[in-house]
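Quick notes on the structure that follows.
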Amino acid sequence: MLQPKHFNAILFKEFKSEWKDRTGVSGLIMYVIATVFICYMSFRHQPEAHVWNALYWIVMLFASVNVVAKSFLKNDQGNELYHYILADPASYIAAKTVYNLILLLFLGVINFLVFSLWLGYPGGSFIQLFVSVILGCIALSTVMTFIAALSSKARGNTALMAVLGFPVLLPFVLLQMRLSKNILDGIAWSVNIRYALLLLALSLMISALSYILFPYLWRD
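According to the working numbering, the sequence shown is numbered sequentially starting from 7.
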């Protein structure tokens, strides 16, 4: 059962660790900026909305892999034992998910601003598009955290993360791309809300699976 005290302690520890070694976040920011700049130099003009949308989520997908992999796979056996003694598994996986979500939201906003600056704003409702970015970050953080948790218990096997990641992420990415494209095309929110709710429901389902299954991995 999730313990707020344990949850807050782990979340604070993650941010404190990130603040001490800021090379991880700095590297991700540079990755986002450099990637968008390369796209800008390649196109030299504002790309079509569907191209803008595809490029944005490709960048976010690779950023999410780096964020979540760093969060889990950096822990050695000593850190794992420390967490095992002091915290319960539900609080641990919840704190990791929220931490990864906050970092992804931060990168998502930066990515959106840099894309809009260099590649132009593609159109559509700004509020709806921003909501879709938030939903996409929630989906990526929940799915990738769950997969990284499984991989970390398999002795940090990154190959397992890659094998599991593609089939699990595929429906989320396709749904997110459809939602964002509809918004950029100016389709009414009354149509798009079904995709938004489905994306949120799938994210909650993965979160529930993490909450239920991770305690069994935690014992190993």
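Cβ coordinates follow ideal geometry from the N, Cα and C atoms, glycine included. All of these numbers come straight from a predicted model, not from anything done at the bench.
If you compare alpha carbons, which of the options is closest to residue i?
i: F220; options: M183, L208, K102; result: K102
i: N59; options: F78, D27, F136, S32; result: F136
i: P177; options: W195, S196, I199, A207; result: A207
i: V149; options: M211, I44, E54, Q52; result: M211
i: P128; options: I218, P10, F18, L61; result: L61
i: M66; options: F132, F121, K22; result: F121
i: V169; options: V57, F132, V71, K19; result: V71
i: I218; options: V179, C45, Y98; result: Y98
i: L215; options: I199, I153, Q52, R184; result: I153
i: A51; options: G171, R200, G126; result: In the sequence on display, residue 51 carries His and not Ala. Taking only the C-alpha atoms, the option nearest H51 is G126.
i: I140; options: F118, V197, L205, L111; result: L111
i: G171; options: R184, P53, S147; result: S147
For residue i and residue j, which I take to be in contact (beta-carbon distance under 8 Å), what is that distance rounded to the nearest angstrom?
i: V38; j: A69; result: 6 Å
i: S209; j: A145; result: 5 Å
i: V73; j: L109; result: 5 Å
i: N106; j: T41; result: 20 Å between Cβ atoms; not a contact.
i: W195; j: Q134; result: 6 Å
i: G192; j: G142; result: The Cβ separation is near 19 Å, so there is no contact.
i: L190; j: A55; result: 4 Å
i: A93; j: I16; result: 6 Å
i: V197; j: N188; result: 7 Å
i: L181; j: L205; result: 5 Å
i: V31; j: E24; result: 6 Å
Residue i lies in the alpha helix (DSSP H); which residues open and close that run?
i: G30; result: 29 to 49
i: A194; result: Careful: A194 lies outside any alpha helix (DSSP H) and carries neither H nor E.
i: Y105; result: 95 to 125
i: P10; result: 10 to 26
Can the beta-carbon of residue i be found less than 7 Å from the beta-carbon of residue j?
i: L34; j: L113; result: yes
i: V13; j: A100; result: First, the residue type needs correcting, since residue 13 is Phe and not Val in the sequence shown. Yes, Cβ-Cβ distance for F13 and A100 is below 7 Å.
i: S213; j: S138; result: no
i: S158; j: F78; result: yes
Examine chain E for any beta-carbon lying closer than 7 Å to the beta-carbon of residue i, and answer yes or no.
i: T29; result: In the structure shown, chain E cannot be found, because there is only a single protein chain.
According to DSSP, is residue i helix, strand or coil?
i: S157; result: helix
i: Q52; result: coil
i: P128; result: coil
So does residue i have its beta carbon nearer than 6 Å to some heavy atom of the ligand MG?
i: F136; result: In the structure shown, the ligand MG is absent, as is every other ligand, since no ligand is present at all.
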